[in-house]
Every structure is written in C-alpha cells, then in structure tokens.
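**Student:** Right, I'll just put the structure down here and ask away after.
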Amino acid sequence: MPLQFSAKPGLVAYITVGDPDLATTHNIAIAAIDAGADVLELGVPFSDPLADGPVIQRASERAVKNGTRLHDVLALAATLRTERPAVGLVIFTYYNPVLRFGLENFCDAAEQAGIDGVLITDMIVEEAVEYLAAARRHHLAPIFLAAPTSPDDRLERIAAASQGFVYAISRTGITGAQKSLTSDAEQLVRRLRRFTKLPIAVGFGISSPEQFAAVGEFADAAVIGSALVATIEQAGPKHAASSIARFIQGLRGAIKEPAVPAR
Amino acid sequence: MAAATANRLAGRFGPYGGRYVPETLVAALDELEHAYAEAQADPDFHLKLDSLLRDYAGRPTPLYFASRLTEALGGAKIYLKREDLLHTGAHKINNCLGQALLAVRMGKKRIIAETGAGQHGVASATVCALFGLDCVVYMGEEDMRRQELNVYRMKMLGAEVRGVSSGSRTLKDAINEAMRDWVTNVRTTHYLLGSVLGAHPYPTMVRDFHRVISREARAQILEKENRLPTAIIACVGGGSNAIGAFYEFIPDKEVRLIGVEAGGRGSQLGEHAARFSGGSPGVLQGTYSYVLQDDNGQIALTHSVSAGLDYASIGPEHAALHDSGRAEYTSASDAEALEATLRLARTEGIIPALESAHAVAECIRLAPALSPRDILIVNVSGRGDKDMGILTRELHLGN
Numbered sequence: 622m623p624l625q626f627s628a629k630p631g632l633v634a635y636i637t638v639g640d641p642d643l644a645t646t647h648n649i650a651i652a653a654i655d656a657g658a659d660v661l662e663l664g665v666p667f668s669d670p671l672a673d674g675p676v677i678q679r680a681s682e683r684a685v686k687n688g689t690r691l692h693d694v695l696a697l698a699a700t701l702r703t704e705r706p707a708v709g710l711v712i713f714t715y716y717n718p719v720l721r722f723g724l725e726n727f728c729d730a731a732e733q734a735g736i737d738g739v740l741i742t743d744m745i746v747e748e749a750v751e752y753l754a755a756a757r758r759h760h761l762a763p764i765f766l767a768a769p770t771s772p773d774d775r776l777e778r779i780a781a782a783s784q785g786f787v788y789a790i791s792r793t794g795i796t797g798a799q800k801s802l803t804s805d806a807e808q809l810v811r812r813l814r815r816f817t818k819l820p821i822a823v824g825f826g827i828s829s830p831e832q833f834a835a836v837g838e839f840a841d842a843a844v845i846g847s848a849l850v851a852t853i854e855q856a857g858p859k860h861a862a863s864s865i866a867r868f869i870q871g872l873r874g875a876i877k878e879p880a881v882p883a884r
Numbered sequence: 389m390a391a392a393t394a395n396r397l398a399g400r401f402g403p404y405g406g407r408y409v410p411e412t413l414v415a416a417l418d419e420l421e422h423a424y425a426e427a428q429a430d431p432d433f434h435l436k437l438d439s440l441l442r443d444y445a446g447r448p449t450p451l452y453f454a455s456r457l458t459e460a461l462g463g464a465k466i467y468l469k470r471e472d473l474l475h476t477g478a479h480k481i482n483n484c485l486g487q488a489l490l491a492v493r494m495g496k497k498r499i500i501a502e503t504g505a506g507q508h509g510v511a512s513a514t515v516c517a518l519f520g521l522d523c524v525v526y527m528g529e530e531d532m533r534r535q536e537l538n539v540y541r542m543k544m545l546g547a548e549v550r551g552v553s554s555g556s557r558t559l560k561d562a563i564n565e566a567m568r569d570w571v572t573n574v575r576t577t578h579y580l581l582g583s584v585l586g587a588h589p590y591p592t593m594v595r596d597f598h599r600v601i602s603r604e605a606r607a608q609i610l611e612k613e614n615r616l617p618t619a620i621i622a623c624v625g626g627g628s629n630a631i632g633a634f635y636e637f638i639p640d641k642e643v644r645l646i647g648v649e650a651g652g653r654g655s656q657l658g659e660h661a662a663r664f665s666g667g668s669p670g671v672l673q674g675t676y677s678y679v680l681q682d683d684n685g686q687i688a689l690t691h692s693v694s695a696g697l698d699y700a701s702i703g704p705e706h707a708a709l710h711d712s713g714r715a716e717y718t719s720a721s722d723a724e725a726l727e728a729t730l731r732l733a734r735t736e737g738i739i740p741a742l743e744s745a746h747a748v749a750e751c752i753r754l755a756p757a758l759s760p761r762d763i764l765i766v767n768v769s770g771r772g773d774k775d776m777g778i779l780t781r782e783l784h785l786g787n
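Printed below as a string of structure tokens:
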C-alpha cells in the first residue's frame, strides 16, 4: 500500500475532482504527483459540503454543476493508478454519494480502481461498523479524522480504527486558510501519538511554506487542500496544472525532478 | 418512557437516525446528550420548563371544536389544536425554551439557530432575549425575502440574522451554514436546532420538548368527547410539530396518524418536498432518513410555497413510523394549501401558517368521506401573519 511519506513532512494534496472539469483535474493530479505529493486526496463533489469553507464549497458546486459523479472520480483514480503506480490514492467524500452508490459496490469499485484509502468526512467511528467491514474485505485503508475537541478515549478508538494514516484536524472549524497555526494542532498530535504508530497528517488551514515546515516539526505529513483549490480557481483551466506544480514545489522549497510524462 | 429511554441511548429509530457529523462536533453532541439526560432526571428543570410553558408561552393551548368548518365539510367532527396561539405564533417555542434552559445549564452563552419560515428563528431570538444570550440566526436569502416580517421580528429581539446565499437559499442551506458556525465555535456555542433533524440527540430531544402537544390533545379530546379521535393530522417539514402531535397517540393503534408533506407545484424532483413519495434513504446533515436526491447522491432542490416545509429530508423517527406503517404520509400542493388557508380564515376566523394549511388541506379532503361519529384533530402549528405578503399576492387580496 503506497500510503507512505518519503520526505518529512509528507505531502497530502487534496483536489476536488471535476473542478473545473475532469480533463483538467487529471492534468492537475499528475502535476501534483510529479511535484512531490506523496498522497493524493480525490475529493468527491457533494451538493452540501457542510464541513467545508467557501473555497471548497465553490469548487464542489462547480463540479456538481458540470455533472461530476463518484463513478468519474473512480475512473480518474484508475487512470492515475496506471500512470503513477507509486502515489497514494485516497477518496475523500461525504457519506451520501457512497451510500447511494452502495457501500459494498463502492468499496469493490475503489479496490478495482487501485484506491489505497478512504476518508468519509461525516463518518465517525461509532457509525462505522459496516463501513469498516467492507473496507477490510476490499483492502482499503479507512482514514478517520481526529479533532482538537476529541477526548482521549475517542482518540484511542479513532487510532484503532484507522489505517494508512490518521488525519488530525488542526483546529475547530471548516476547511480553509488561516493566518497562523494554533497550538491545538501540536497538542492533538502529541495526544494521538500515545495511541498509534501510524503516520499522523495534519490538515485544515495549511497554506504557506512556513506553515508546511512548522507542521513537519511535530507531524509526519501535512494536508494541503483549500490553498490548492484556490490556486486552481485563480489560475483557470489552462494554467491550473502548472500553477499547482509551482505551488507544491514552493512548499518543498526545492524543485523535484519531474517524472517522465506517461503520454 | 421506556421506549424513549431506549431511543435516546441508541439514537436510532429502526435503521434511521444516528450521528453522521464531522468528528469536531462529537464531543459537543455527547455533552448535550449528557446535559439533557441530567436535566430529564432533575425535578427543578421540569418545574422551570413547565412554569415557562404555562406563564410565558401560554400553555396549555386550546383544543377548539371547529363547528363551522365541520358543518361546511359535512363529515367528521373537526377539532383544531391551537399551537398558533402560543407566544411567538407557533409550536417552535416549546423546544426553544427547553434548549435554552439546557444551554444555560451547560454554561453556553452564544446560541446559533437555523430557520426556514422564520418561526424557529423568532422563537430562538425570543428565548435568547429572555435568558440574556447572544443569538445568531442563519436564514436562506430566499426565505428572508418571503418571510420578511419574521426577519424584522428577530432583529427587534436583538438577534443577528445572517443571510445564506448558497444552494437554493432555503432551510437546507441555512442548516449547512449553522453547522459550519458550530464546528468553528463549538466550545462556546450551543446549536439550537429547530426540528427533529440532525445528529443524535436532537431528534429525540426536540421530540420530547414537543410531546406536550399530544399529551394535552389526548387529555382534552377525552374530556370533551370521552373517546379518542379517528385521526391526528399535522404538516411535516422536518417534522417537529407532527411528532409532537403524534407521539402520545402512538400506542393508541386505532388512532390514525397522518403527516402531510409539501406537494409543491408538481411531482418532478425539484418541484416539491414530498420525501416519502419522491425520496429514498440517505444521509443529510447528520442523520439517516428519507432524502430527496438524484442517482448520484446529490441532494435535490425542493419547492414549496411554505418555507417551513421546503426541505429535502425528514426527521428519522418519521422515517421509522412510515416504514412500520404506524403513520401515513400524504401531501398537499401549494394550491391546496392556499385554498385551505382561505377556507379556514373564512369559516373559523383563523388564518393558519402556510405550513399548517397543508394539514388543513388534508382535513378538507378527508372529512367529507367520514361519518359524523369520526373525530379529526388538526394541529394548527402556527399562525399566518408571517405569510400575509405571499397570501396577498397569491390570493389577489390587493385588488
């Protein structure tokens, strides 16, 4: 399972699939991987993204409007798996599109597509019995969110149910950029460490090279989401992929050798 | 009580309900569940709540025999449960008083709420004024336009009304925005959810705060008629007034429980809010229930002339009552609701809220087919003052 982080901090890159369109998302994904993303979170657009801030809300709305479906996200994943075998691929979704697809069908299709892990934003460990069983049958790593408000007994359960990595939310709130990281994130990672040997990725509000480096001081990986989605929004379809490559290279502070394009 | 306790522990109504929320909110839901359980066991809480319901809100509400409507329809005897006479003009105050007392117990000084028709927003703003709490109400911009009077009432009471411009700019979008606020300010803020929706413990707790409707109605009808009614009829948006009106009658198997959804202006997805005829099980905003959605699991747009019924999902306990067959669900169209509003106004001198008018419309359809020995109770969940703009336009009252 390629849910591994080569450098420290590792980079988990979130993009909303279908924003601005599927072909552009493919190019953006390849650019992000080649620029150094260890894991790609493929966001399934949803009509009611209640955990997301304005940037991802707008992206989701555009993708829903142009008809992007969970099927399309899985098809894109299968293509990326062929073209970039070493990258970690995670489906990032709200629960309802999965329920509508069918939990078992979804896990089966995700396995076929070469998906490594699944993160369902509105799925908590207590509700996850069937989901965990289906994920296990199909060799998918279930990734759960841990929040600064989660008490230790919940962190223990979250750590026990997660595979691949645990996603630590940097602060109470929705997705989106913030000026400075609060002490919440570091405290949460410290508390989580007591319950797991899995890598811990910190997400929500990380947008600058300084914040990225700061997360590397106490966590294994950082998730960059809204900052990438905002970059895509500003660049427009033609320049989105190159802008994402530049953004990620800027985070790392060094330009990685680009891999040979697959086509 | 045994059934209620079991439900509260599980948070499930058959397969429906549960807790599908971002992890950040779980601790707050646990805290609320705990505070609610403690309050339930505390006689002082009940004394305070009962006294507020009586002296401040105006309970018990009358069960009124609508003799002129009964005569006009020529069938069943019709009684109206007058929740419209409560302070703030709708049943919503029952739940708001209960949750405000809980917020005070939990030491939360900031309240957020969502509102569709504005009745829950007004009731929230009212209890916040009463208890000296900060109040922010999220409301879809479309609803702010069509329920303008309630926007001013909330402002008058000191609440901040935040317009929501996403999606269809109605109740669902207001709930999304309220949940985003809650997830951000969860340590200091109580989310005063206004219906039997959302994650556990809300559907159970909100139902319990509205059970007083059927508790009173059952005693009142036994006193007046010395027998139980043939049916209870209530409109169903999220389903708070309906569950309150149904609940104490659930063990009385001979009493039909009839919920009326918004049939809107057509049967195509997007033209109505009839979740049972047009929807399928899914997860929206924290709970598993019937949802209007497309083949890809995207939540559908809805339409109703009444903002309070214009919502894509329904309380999970209604989903269970539907599947078990204990309650029946039907719908009334925009046109039928408007006609029913006029009919009740002209026969009884009561202008119901457009939401409640859906229940009146079902009563108008049903009563003539029944015998004079049958009794119907219609829950008039709110009054229609807020709807005068729509009524003036739709019924050409300006001419």
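If you read the sequences in order, they're chains Z and U.
For the first sequence, position 18 matches number 639 in this note's numbering, and the numbering has no gaps at all.
For the second sequence, position 213 matches number 601 in this note's numbering, and the numbering has no gaps at all.
Where is the CB? At the ideal position from N, CA and C, for every residue including glycine.
Because the structure is a prediction, the values reported are computed rather than measured.
1. Can you list, in chain order, the residues of its chain with a C-beta nearer than 7 angstroms to that of alanine 708 of chain U? Leave out the 5 residues immediately preceding and following it.
2. Give the interface partners of asparagine 717 of chain Z over in chain U, defined as CB-CB distance under 9 angstroms, in chain order.
3. Chain U beta carbons: is any one of them nearer than 8 angstroms to that of glutamine 678 of chain Z?
4. Please tell me whether alanine 684 of chain Z and proline 666 of chain Z are closer than 8 angstroms, where the distance is taken between their beta carbons.
5. Looking at chain Z, is there any beta carbon in it that lies within less than 8 angstroms of the beta carbon of serine 583 of chain U?
6. Mind checking if methionine 542 of chain U is an interface residue toward chain Z, Cβ cutoff 8 angstroms exclusive?
7. Skipping 5 residues on each side, what residues in its chain have a beta carbon closer than 8 angstroms to that of methionine 494 of chain U?
8. Taking just the CA atoms, how far does glutamate 748 of chain Z sit from arginine 814 of chain Z?
9. Below 8 angstroms on the Cβ atoms is my contact criterion, and I expect lysine 480 of chain U with alanine 633 of chain U to pass it. Report the Cβ-Cβ distance as a whole number of Å.
10. Taking beta-carbon pairs under 9 angstroms, can you tell me which members of the segment 413-438 of chain U lie near chain Z?
11. Which term fits serine 769 of chain U, buried or exposed, when burial requires 16 or more other beta carbons within 10 angstroms of its beta carbon?
12. Measuring CB atoms only, is the segment 568-584 of chain U touching the segment 499-512 of chain U, in the sense that at least three cross pairs come out at less than 8 angstroms?
13. Can you find a C-beta in chain Z that's less than 8 angstroms from the C-beta of threonine 592 of chain U?
14. Could you give the distance in angstroms between the alpha-carbon of histidine 598 of chain U and the alpha-carbon of arginine 714 of chain U?
15. Looking at the C-beta of arginine 554 of chain U, does it have a partner C-beta in chain Z at a distance below 8 angstroms?
16. Give the secondary structure of valine 748 of chain U by DSSP, where H, G and I count as helix, E and B as strand, and everything else as coil.
17. From the DSSP output, in three-state form, read off serine 455 of chain U for me.
18. List the residues of chain Z whose Cβ lies closer than 8 angstroms to the Cβ of valine 574 of chain U, in chain order.
19. Quick one: Cα of asparagine 483 of chain U to Cα of glycine 509 of chain U, how far?
20. Please name the residue in Z:Ala781, Z:Glu725, Z:Ile649 and Z:Ala658 whose C-alpha comes closest to that of glycine 639 of chain Z.
21. What beta strand (DSSP E) runs, 3 residues minimum, are completely inside the segment 454-525 of chain U?
22. Mind listing the chain Z neighbours of lysine 560 of chain U? Cutoff is C-beta to C-beta under 8 angstroms, in chain order.
23. Which residues, in order along the segment 740-768 of chain Z, keep a beta-carbon less than 8 angstroms from a beta-carbon of chain U?
24. Please identify the residue among U:Leu783, U:Ile738, U:Ser744 and U:Arg753 whose C-alpha is closest to the C-alpha of arginine 456 of chain U.
25. From U:Ala720, U:Arg595, U:Ser701 and U:Glu565, pick the residue whose C-alpha is nearest to that of alanine 749 of chain U; which is it?
26. Residues of chain U with a CB under 9 angstroms from the CB of leucine 720 of chain Z: which are they?
27. Can you confirm whether valine 685 of chain Z, when its beta carbon is compared against all beta carbons of chain U, has any partner nearer than 8 angstroms?
28. Name the one or two DSSP bridge partners that leucine 356 of chain U has.
29. Check alanine 730 of chain Z in the structure and name its three-state DSSP category.
30. Once DSSP output is grouped into helix, strand and coil, what is the label at glutamine 428 of chain U?
31. Secondary structure at valine 665 of chain Z, three-state DSSP: helix, strand or coil?
32. What does serine 677 of chain U pair with, by DSSP beta-bridge criteria?
33. Quick check on the DSSP output: the alpha helix (DSSP H) that includes alanine 658 of chain Z runs from which residue to which?
34. Would DSSP call glycine 685 of chain U helix, strand or coil?
35. Can you tell me which of the three DSSP states alanine 345 of chain U falls into?
**Tutor:** According to the data block:
1. Translated into the one-based positions of the second sequence, residue 708 of chain U becomes position 320. A distance below 7 angstroms between beta-carbons, with the five flanking residues on each side excluded, links alanine 708 of chain U to the following residues of its chain, in chain order: Phe401, Gly402 and Tyr404.
2. For the purposes of this step, residue 717 of chain Z is identified with residue 96 of the first sequence, where counting begins at 1. Here the neighbours are Tyr408, Gly670, Val671, Leu672, Val679, Gln681, Gly685, Gln686 and Ile687.
3. Your numbering for residue 678 of chain Z matches position 57 in the first sequence. So yes, glutamine 678 of chain Z belongs to the interface.
4. Within the first sequence, numbered from 1, the residue matching residue 684 of chain Z stands at position 63. Within the first sequence, numbered from 1, the residue matching residue 666 of chain Z stands at position 45. Going by beta carbons, alanine 684 of chain Z and proline 666 of chain Z fall inside the 8 angstroms limit.
5. Sequence index remark: in the second sequence, residue 583 of chain U carries index 195 (1-based). At least 8 angstroms separates the CB of serine 583 of chain U from every CB of chain Z.
6. By one-based count along the second sequence, residue 542 of chain U stands at place 154. No, methionine 542 of chain U does not count as interfacial toward chain Z.
7. For the purposes of this step, residue 494 of chain U is identified with residue 106 of the second sequence, where counting begins at 1. Answer for methionine 494 of chain U: Glu419, Leu420, Ala423 and His578, listed in chain order.
8. Your numbering for residue 814 of chain Z matches position 193 in the first sequence. Your numbering for residue 748 of chain Z matches position 127 in the first sequence. When only Cα atoms are considered, arginine 814 of chain Z and glutamate 748 of chain Z end up about 24 angstroms apart.
9. Indexing the second sequence from 1 puts residue 480 of chain U at position 92. Indexing the second sequence from 1 puts residue 633 of chain U at position 245. Their Cβ separation, rounded to whole angstroms, is 14 angstroms, which puts lysine 480 of chain U and alanine 633 of chain U out of contact at 8 angstroms.
10. Listed in chain order, the positions of the segment 413-438 of chain U with a beta carbon within less than 9 angstroms of a beta carbon of chain Z are Leu413, Val414, Ala415, Ala416 and Asp418.
11. Reading the second sequence from its first residue, position 381 is the one you call residue 769 of chain U. That one is buried.
12. Between the segment 568-584 of chain U and the segment 499-512 of chain U, the count of C-beta pairs closer than 8 angstroms reaches three or more; the two stretches touch.
13. Taking the first residue of the second sequence as position 1, residue 592 of chain U is located at position 204. No, its Cβ sits nowhere closer than 8 angstroms to a Cβ of chain Z.
14. One-based indexing of the second sequence puts residue 598 of chain U at position 210. One-based indexing of the second sequence puts residue 714 of chain U at position 326. One alpha carbon belongs to histidine 598 of chain U, the other to arginine 714 of chain U, and they sit about 19 angstroms apart.
15. Locating residue 554 of chain U in the second sequence gives position 166, where the first residue counts as 1. Reading off the sequence shown, one finds serine at residue 554 of chain U, where the question assumed arginine. It does: the Cβ of serine 554 of chain U has a partner Cβ on chain Z nearer than 8 angstroms.
16. Your numbering for residue 748 of chain U matches position 360 in the second sequence. DSSP, reduced to helix, strand and coil, places valine 748 of chain U within a helical segment of the structure shown.
17. Against the second sequence, residue 455 of chain U aligns to sequence position 67. If DSSP states are grouped into helix, strand and coil, serine 455 of chain U belongs with the helices.
18. Reading the second sequence from its first residue, position 186 is the one you call residue 574 of chain U. Within chain Z, the residues Thr770 and Thr793 have their CB atoms less than 8 angstroms from the CB of valine 574 of chain U, given in chain order.
19. Here residue 483 of chain U refers to the residue found at position 95 of the second sequence. Here residue 509 of chain U refers to the residue found at position 121 of the second sequence. About 12 angstroms.
20. As a working mapping, residue 639 of chain Z is identified with position 18 in the first sequence. Here the closest residue by C-alpha is Z:Ile649.
21. Complete beta strand (DSSP E) runs here, min 3: 465-470 and 498-503.
22. Position 172 of the second sequence holds residue 560 of chain U. What lysine 560 of chain U touches in chain Z: Asp669.
23. Cβ contacts with chain U come from Thr742, Asp743, Met744, Ile745, Glu747, Glu748, Phe765, Leu766, Ala767 and Ala768.
24. Residue 456 of chain U sits at position 68 when you count from the first residue of the second sequence. Minimum Cα-Cα distance from arginine 456 of chain U among the listed residues U:Leu783, U:Ile738, U:Ser744 and U:Arg753 corresponds to U:Ile738.
25. Mapped onto the second sequence, residue 749 of chain U falls at position 361. Minimum Cα distance to alanine 749 of chain U is reached at U:Ala720.
26. Start at 1 with the first residue of the first sequence, and residue 720 of chain Z comes out as number 99. Taking the beta carbon of leucine 720 of chain Z as reference, the chain U residues within 9 angstroms of it are Pro669, Gly670, Val671, Tyr676 and Gly685, listed in sequence order.
27. Numbered from 1 along the first sequence, position 64 holds the residue referred to as residue 685 of chain Z. Yes, valine 685 of chain Z lies at the interface with chain U (some Cβ there is under 8 angstroms from its Cβ).
28. Any question about residue 356 of chain U goes unanswered here, given that chain U covers just 389 to 787.
29. As a first step, residue 730 of chain Z is located in the first sequence; it is residue number 109 there, counting from the start. Under the three-state reduction of DSSP, alanine 730 of chain Z is assigned to helix.
30. Here residue 428 of chain U corresponds to residue number 40 of the second sequence, with the count starting at 1. Residue state, collapsed to three classes: helix.
31. Walking along the first sequence from the start, residue 665 of chain Z turns up at place 44. It is coil, neither helix nor strand.
32. Within the second sequence, the letter at position 289 stands for residue 677 of chain U. Per DSSP, U:Gly670.
33. In the first sequence, residue 658 of chain Z corresponds to position 37, counting from 1. That residue, alanine 658 of chain Z, is in no alpha helix (DSSP H); it is neither H nor E in DSSP.
34. Translated into the one-based positions of the second sequence, residue 685 of chain U becomes position 297. In the structure shown, glycine 685 of chain U falls within a coil segment according to DSSP collapsed to helix, strand and coil.
35. Outside the shown range of chain U, which is 389 to 787, sits residue 345 of chain U, and nothing can be said about it.
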